[in-house]
Amino acid sequence: MEVNVKQEQIFDLTGGLLCLDFANTLDDRTDVHPQELLNSYNDLVLWSQQADVLTEKEARRLLEKAAQRPSEATRVLKRAVEVREAIFRIFKAIAEDESPEDEDLITLSAMVAEAQKHAQIVPNTNGFRWDWTDKRSDLDCMLWPVVRSAADFLTSDELETVRVCASDSCDWLFIDTSKNHSRRWCNMKSCGNREKARRYYSRKKSSSAVS
Ligand SMILES: [Zn+2]
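Each residue of the sequence shown is one higher than the last, beginning at -19 in our numbering.
Rendered as structure tokens:
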């Protein structure tokens, strides 16, 4: 049976970094009802394909394997969400000038150690790049570059560029690469405009209350 791999862009990749885009797969985090975007192993594969972690061919192969090993796919999804939450809490803490919890660093480190077992260096046109072995067989292979991205960012000089969206309900993470370090929203179109509208209406409301 041919597994259908959807082509349209479903996920909003505005974090500027793989690990942050992964952390942003939960919508409306601070809302009473956050919206989970990774509801199935298929969702995880689709996100990975859109984030360029998997090629279409690799995505299709993984979906076929997951259909044969459903309980393993469920375990991988659970692990993915666990590590996503650890990544989110670590970088949110840093964005707010706080120290991440040891437990989250341990979760990330364990996943990095697992990923490194599959890391290999391969030549490309400009020199060399990281690649991964066993991408054909391991259902959790999309998590390896994600956790590596988190580890690399965490140990980099760029760490101070991490921000959390200024919108009340969002909590998405992004890197602020703007010249004057003034980016406040994950996405100007959605959160930025929503915030502007909210301020406009609250100004209107308070001015009408005065008159
Ligand atoms: Zn936002």
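Every residue, glycine too, gets a C-beta built ideally from N, C-alpha and C.
Report the rounded CA-to-CA distance for residue i versus residue j, giving the unit in angstroms.
| i | j | result |
| --- | --- | --- |
| Ser191 | Tyr180 | Annotation note: pLDDT 47 at Ser191 (below 50); position unreliable, no value reported. |
| Met(-19) | Lys37 | Bear in mind that the predicted position of Met(-19) carries a pLDDT of just 46, short of 50, making it unreliable; the figure below should be weighed with that in mind. About 15 angstroms. |
| Arg109 | Lys184 | 55 angstroms |
| Trp152 | Cys166 | 6 angstroms |
| Leu34 | Trp112 | 11 angstroms |
| Cys(-1) | Asp7 | 16 angstroms |
| Asp148 | Ser182 | 15 angstroms |
| Gly(-4) | Gln29 | 16 angstroms |
| Leu85 | Val102 | 29 angstroms |
| Asp77 | Phe154 | 15 angstroms |
For residue i, does the count of other Cβ atoms within 10 angstroms reach 16, so buried, or fall short, so exposed?
| i | result |
| --- | --- |
| Ser136 | exposed |
| Arg116 | exposed |
| Ser187 | exposed |
| Thr10 | exposed |
| Thr(-6) | buried |
For residue i, which of helix, strand or coil comes out of DSSP?
| i | result |
| --- | --- |
| Gly107 | strand |
| Val12 | coil |
| Ala146 | coil |
| Trp165 | coil |
| Gln100 | strand |
| Phe2 | helix |
Below 8 angstroms on the Cβ atoms is my contact criterion, and I expect residue i with residue j to pass it. Report the Cβ-Cβ distance as a whole number of Å.
| i | j | result |
| --- | --- | --- |
| Ala146 | Arg164 | 4 angstroms |
| Leu18 | Val63 | With 8 angstroms as the limit, Leu18 and Val63 do not qualify as a contact, their Cβ atoms being about 11 angstroms apart. |
| Lys72 | Val25 | That pair is no contact at about 26 angstroms. |
| Leu119 | Lys45 | 6 angstroms |
Among all the DSSP beta bridges, which residues are the ones paired with residue i?
| i | result |
| --- | --- |
| Asp118 | Paired residue(s): none; Asp118 is not in a bridge. |
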